[in-house]
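S.K.: The structure that follows is given in the form of C-alpha coordinates.
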(Lines of atoms letter the chains of each structure in order from A and count residues from 1; the text may use other names and numbers.)
(Lines give C-alpha, C1' and ligand atoms only; values in the text may rest on other atoms or scores of the structure.)
Protein backbone atom coordinates (compact mmCIF):
# COMPACT_ATOMS: atom_id res chain seq x y z
CA UNK A 1 0.00 0.00 0.00
CA UNK A 2 2.82 2.39 0.89
CA UNK A 3 4.41 1.78 -2.54
CA UNK A 4 1.23 2.76 -4.36
CA UNK A 5 0.98 5.97 -2.34
CA UNK A 6 4.65 6.81 -2.95
CA UNK A 7 4.27 6.18 -6.70
CA UNK A 8 1.15 8.35 -6.93
CA UNK A 9 2.82 11.13 -4.96
CA UNK A 10 5.96 11.04 -7.10
CA UNK A 11 3.93 11.17 -10.32
CA UNK A 12 2.05 14.19 -9.02
CA UNK A 13 5.20 15.96 -7.84
CA UNK A 14 7.21 15.29 -10.97
CA UNK A 15 4.48 16.42 -13.33
CA UNK A 16 3.32 13.29 -15.10
CA UNK A 17 -0.14 13.57 -13.58
CA UNK A 18 -2.00 16.73 -12.71
CA UNK A 19 -4.35 17.11 -9.73
CA UNK A 20 -7.12 18.03 -12.19
CA UNK A 21 -7.45 14.41 -13.32
CA UNK A 22 -4.54 14.20 -15.73
CA UNK A 23 -5.09 17.55 -17.42
CA UNK A 24 -1.86 19.21 -18.59
CA UNK A 25 -2.20 22.83 -19.68
CA UNK A 26 0.02 24.07 -22.48
CA UNK A 27 1.72 27.36 -21.75
CA UNK A 28 0.91 29.66 -18.87
CA UNK A 29 -2.28 29.11 -16.90
CA UNK A 30 -4.24 32.33 -16.45
CA UNK A 31 -5.39 33.31 -12.99
CA UNK A 32 -7.04 36.74 -13.03
CA UNK A 33 -10.41 37.75 -14.46
CA UNK A 34 -8.85 40.47 -16.62
CA UNK A 35 -6.46 37.96 -18.25
CA UNK A 36 -9.31 35.56 -18.99
CA UNK A 37 -11.41 38.36 -20.47
CA UNK A 38 -8.69 39.81 -22.69
CA UNK A 39 -7.49 36.43 -23.98
CA UNK A 40 -10.99 35.09 -24.74
CA UNK A 41 -12.81 35.13 -28.06
CA UNK A 42 -16.11 35.33 -26.20
CA UNK A 43 -17.33 36.30 -22.72
CA UNK A 44 -20.98 35.50 -22.13
CA UNK A 45 -23.51 34.83 -19.42
CA UNK A 46 -25.43 31.69 -20.25
CA UNK A 47 -28.26 29.56 -19.00
CA UNK A 48 -27.57 25.84 -19.46
CA UNK A 49 -30.52 24.20 -21.22
CA UNK A 50 -29.18 20.64 -21.55
CA UNK A 51 -26.02 18.68 -22.15
CA UNK A 52 -24.93 15.77 -24.33
CA UNK A 53 -21.90 13.51 -23.97
CA UNK A 54 -19.84 13.41 -27.15
CA UNK A 55 -19.04 10.07 -28.80
CA UNK A 56 -15.87 8.18 -27.96
CA UNK A 57 -15.42 9.96 -24.61
CA UNK A 58 -14.46 13.25 -26.29
CA UNK A 59 -16.17 15.52 -23.76
CA UNK A 60 -19.49 17.28 -23.43
CA UNK A 61 -21.58 19.57 -25.60
CA UNK A 62 -23.65 22.09 -23.63
CA UNK A 63 -26.71 23.66 -25.20
CA UNK A 64 -27.07 27.14 -23.73
CA UNK A 65 -29.03 30.37 -24.09
CA UNK A 66 -27.02 33.59 -24.03
CA UNK A 67 -28.52 35.94 -21.43
CA UNK A 68 -25.79 38.63 -21.67
CA UNK A 69 -22.85 39.10 -24.04
CA UNK A 70 -19.83 41.06 -22.82
CA UNK A 71 -17.41 40.17 -25.62
CA UNK A 72 -18.76 38.23 -28.55
CA UNK A 73 -20.76 38.26 -31.74
CA UNK A 74 -23.40 36.21 -29.92
CA UNK A 75 -26.45 38.14 -28.83
CA UNK A 76 -28.92 37.98 -25.97
CA UNK A 77 -31.53 35.27 -26.42
CA UNK A 78 -29.49 33.29 -28.96
CA UNK A 79 -29.12 29.58 -28.35
CA UNK A 80 -25.68 28.14 -29.02
CA UNK A 81 -23.42 25.26 -28.03
CA UNK A 82 -20.29 25.14 -25.91
CA UNK A 83 -17.85 22.24 -26.28
CA UNK A 84 -15.56 21.03 -23.50
CA UNK A 85 -13.26 18.05 -23.25
CA UNK A 86 -13.08 15.43 -20.55
CA UNK A 87 -11.34 16.16 -17.25
CA UNK A 88 -8.14 14.62 -18.64
CA UNK A 89 -8.44 17.01 -21.60
CA UNK A 90 -8.81 20.02 -19.27
CA UNK A 91 -12.57 20.15 -19.74
CA UNK A 92 -15.02 21.87 -17.41
CA UNK A 93 -18.34 20.90 -15.86
CA UNK A 94 -21.31 23.25 -15.91
CA UNK A 95 -23.37 21.78 -13.09
CA UNK A 96 -26.17 24.25 -12.65
CA UNK A 97 -28.05 26.79 -14.69
CA UNK A 98 -26.60 30.32 -14.83
CA UNK A 99 -22.90 30.87 -15.62
CA UNK A 100 -20.36 33.39 -16.77
CA UNK A 101 -18.08 31.69 -19.30
CA UNK A 102 -15.08 32.84 -21.28
CA UNK A 103 -13.77 30.72 -24.07
CA UNK A 104 -12.21 30.47 -27.47
CA UNK A 105 -13.38 29.61 -30.94
CA UNK A 106 -11.49 26.59 -32.29
CA UNK A 107 -12.34 25.17 -35.70
CA UNK A 108 -15.57 27.18 -35.67
CA UNK A 109 -16.70 25.78 -32.30
CA UNK A 110 -17.11 27.62 -28.98
CA UNK A 111 -14.75 25.79 -26.62
CA UNK A 112 -14.13 25.91 -22.87
CA UNK A 113 -11.04 24.73 -20.98
CA UNK A 114 -9.99 24.70 -17.34
CA UNK A 115 -6.64 26.10 -18.51
CA UNK A 116 -7.83 29.32 -20.11
CA UNK A 117 -11.52 29.85 -19.32
CA UNK A 118 -13.12 31.82 -16.51
CA UNK A 119 -16.10 29.69 -15.52
CA UNK A 120 -18.19 30.91 -12.60
CA UNK A 121 -21.70 30.51 -11.35
CA UNK A 122 -23.30 33.91 -11.95
CA UNK A 123 -24.39 34.10 -8.30
CA UNK A 124 -20.80 33.57 -7.11
CA UNK A 125 -19.57 36.75 -8.82
CA UNK A 126 -19.09 39.81 -6.64
CA UNK A 127 -21.13 42.95 -7.32
CA UNK A 128 -17.91 44.59 -8.50
CA UNK A 129 -17.20 41.80 -11.00
CA UNK A 130 -20.73 42.02 -12.42
CA UNK A 131 -20.55 45.82 -12.64
CA UNK A 132 -17.12 45.69 -14.30
CA UNK A 133 -18.46 43.24 -16.89
CA UNK A 134 -21.62 45.23 -17.58
CA UNK A 135 -19.94 48.64 -17.81
CA UNK A 136 -17.17 47.41 -20.10
CA UNK A 137 -14.45 47.80 -17.47
CA UNK A 138 -12.68 44.58 -18.42
CA UNK A 139 -12.99 45.34 -22.14
CA UNK A 140 -11.40 48.77 -21.72
CA UNK A 141 -8.39 47.31 -19.92
CA UNK A 142 -7.56 44.95 -22.80
CA UNK A 143 -6.22 47.84 -24.87
CA UNK A 144 -4.35 49.82 -22.21
CA UNK A 145 -1.04 47.90 -22.44
CA UNK A 146 -1.12 46.88 -18.78
CA UNK A 147 -0.17 43.29 -18.03
CA UNK A 148 -1.47 41.22 -15.14
CA UNK A 149 1.12 38.77 -13.81
CA UNK A 150 1.75 36.58 -10.80
CA UNK A 151 4.90 38.63 -10.22
CA UNK A 152 5.99 41.90 -11.79
CA UNK A 153 9.64 42.73 -12.10
CA UNK A 154 10.68 45.66 -9.94
CA UNK A 155 10.24 48.98 -11.70
CA UNK A 156 7.97 47.60 -14.45
CA UNK A 157 5.34 50.33 -14.86
CA UNK A 158 3.34 48.21 -17.34
CA UNK A 159 2.45 45.43 -14.91
CA UNK A 160 0.09 44.72 -11.99
CA UNK A 161 0.98 41.85 -9.64
CA UNK A 162 -1.97 39.55 -8.96
CA UNK A 163 -1.08 39.22 -5.27
CA UNK A 164 -1.32 43.01 -4.96
CA UNK A 165 -4.92 43.20 -6.21
CA UNK A 166 -6.99 44.76 -3.42
CA UNK A 167 -10.09 42.64 -4.13
CA UNK A 168 -11.79 40.37 -6.66
CA UNK A 169 -13.02 42.24 -9.69
CA UNK A 170 -10.47 45.03 -9.70
CA UNK A 171 -8.82 45.87 -13.00
CA UNK A 172 -5.27 46.78 -13.88
CA UNK A 173 -5.26 50.03 -15.83
CA UNK A 174 -3.28 53.20 -16.45
CA UNK A 175 -3.31 55.58 -13.50
CA UNK A 176 -3.27 59.21 -14.60
CA UNK A 177 -2.02 58.05 -18.02
CA UNK A 178 1.29 56.82 -16.63
CA UNK A 179 1.97 53.61 -14.75
CA UNK A 180 -0.34 50.63 -14.40
CA UNK A 181 -2.12 50.02 -11.11
CA UNK A 182 -5.16 48.35 -9.60
CA UNK A 183 -8.48 50.17 -9.56
CA UNK A 184 -10.27 50.70 -6.29
CA UNK A 185 -12.63 48.06 -4.93
CA UNK A 186 -15.43 50.56 -4.47
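Residue numbers (mature numbering (1 follows the signal peptide of the UniProt record, and there is no 0)): -19 to -1, 1 to 167. Glycine residues also receive a C-beta, built at the ideal position from the N, C-alpha and C atoms. Small disclaimer: the values here were computed from a predicted structure and weren't measured.
Looking only at C-alpha atoms, which of 32, 48, 50 sits nearest to residue 42?
M.R.: Your numbering for residue 42 matches position 61 in the chain shown. Of the listed residues, the one whose Cα sits closest to residue 42 is 32.
S.K.: Taking the beta carbon of residue 110 as the centre, do at least 16 other beta carbons fall within 10 Å, making it buried, or is it exposed?
M.R.: The residue given as residue 110 occupies position 129 in the chain shown. The residue in question, residue 110, is buried, as its Cβ has 16 or more Cβ neighbours within 10 Å.
S.K.: Return helix, strand or coil for residue 98, following the three-state DSSP convention.
M.R.: Position 117 of the chain shown holds residue 98. Coil, per DSSP.
S.K.: Go ahead and label residue 153 buried or exposed: buried means 16 or more other beta carbons lie within 10 angstroms of its beta carbon, across all protein chains shown.
M.R.: As a position in the chain shown, residue 153 is number 172, starting the count at 1. Per the 10 Å Cβ criterion, buried.
S.K.: Please determine if the region 18 to 28 and the region 73 to 86 are in contact, where contact requires at least 3 C-beta pairs separated by less than 8 angstroms.
M.R.: They touch, by the three-pair rule.
S.K.: Excluding the 5 residues preceding and the 5 following residue 139 in the sequence, name in chain order all residues of the same chain whose CB lies nearer than 7 angstroms to its CB.
M.R.: Stepping through the chain shown from its first residue, residue 139 is reached at position 158. Excluding residues within five positions, the ones whose Cβ falls inside 7 angstroms are 126, 127, 128, 161.
S.K.: Just the C-alpha distance for residue 116 and residue 52, rounded to the nearest angstrom, thanks.
M.R.: For this step, residue 116 is matched to residue 135 along the chain shown. For this step, residue 52 is matched to residue 71 along the chain shown. Rounded to whole angstroms, residue 116 to residue 52 spans 12 angstroms at the Cα level.
S.K.: Note down, in chain order, each residue of its chain lying with its Cβ closer than 8 angstroms to the Cβ of residue 56, except the 5 sequence neighbours on either side.
M.R.: As a first step, residue 56 is located in the chain shown; it is residue number 75 there, counting from the start. Excluding positions up to five away in sequence, the list reads 47, 50.
S.K.: Assign residue 114 to one of three DSSP states: helix, strand, or coil.
M.R.: The sequence position of residue 114 within the chain shown is 133, counting from 1. Residue 114 falls in the helix class under three-state DSSP.
S.K.: Which residue or residues does DSSP assign as beta-bridge partners of residue 51?
M.R.: Within the chain shown, the letter at position 70 stands for residue 51. Answer is none; residue 51 lacks a bridge partner.
S.K.: Identify which residue in 155, 40, 7, 20 has its Cα closest to the Cα of residue 64.
M.R.: By 1-based counting over the chain shown, the position of residue 64 is 83. Here the closest residue by C-alpha is 40.
S.K.: Is it the case that the Cβ atoms of residue 38 and residue 67 are separated by a distance below 8 angstroms?
M.R.: Within the chain shown, the letter at position 57 stands for residue 38. Within the chain shown, the letter at position 86 stands for residue 67. A contact, by the Cβ cut-off of 8 angstroms.
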